[in-house]
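In this note's numbering, the protein residues as written are 97 to 204.
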């Protein structure tokens, strides 16, 4: 699963998932070609949703920090309050996704 690799690289795998959830995903990857059980499918889907939610929020958090840091560097004092503005987060997230250069996302 590609999502497991992404979660491991972004350090979300161990922070977000419990030991049991990690075990379920690992065993499913190792032992099952196609999930046929509706119960297992529902459990794995819930785990994947949990991972996606946390991966997305990390991305937007990084974009928000980068945008605030740039604005503060330019001398905009009110930029420190932008950290909690959901409109600002959405705006920079959409711009970062639509641009070809993602380097602005990783400025600290």
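Backbone N, C-alpha and C fix where the C-beta goes; we use that ideal spot for every residue, glycine too.
Check	Outcome
Straight-line gap, residue 165 to residue 121 (C-alpha atoms, nearest Å)	37 Å
Residue nearest to residue 163 in terms of C-alpha spacing, selected from 186, 150, 145	186
Validate contact between the region 140-155 and the region 174-182 using beta carbons, cut 8 Å, 3 pairs	no
Residue 180 to residue 168 span [Cα, whole Å]	15 Å
Near the ligand ZN: residue 145 beta-carbon under 7 Å from a heavy atom	Among the components modelled here there is no ligand, and therefore nothing to report on the ligand ZN.
Reference residue 99; option with closest CA among 182, 161, 146, 128	146
Beta carbon of residue 117 nearer than 8 Å to that of residue 143	yes
Alpha-carbon spacing of residue 204 relative to residue 158, whole angstroms	Any reading at residue 204 is ruled out, since the residue's pLDDT is 44, under 50, leaving its predicted position unreliable.
Limits of the alpha helix (DSSP H) - the one that residue 171 falls within	Counting along the chain, residue 171 falls outside any alpha helix (DSSP H), and DSSP gives it neither H nor E.
Simplified DSSP state of residue 92, which is helix, strand or coil	Residue 92 is absent from the model: the chain starts at 97 and stops at 204.
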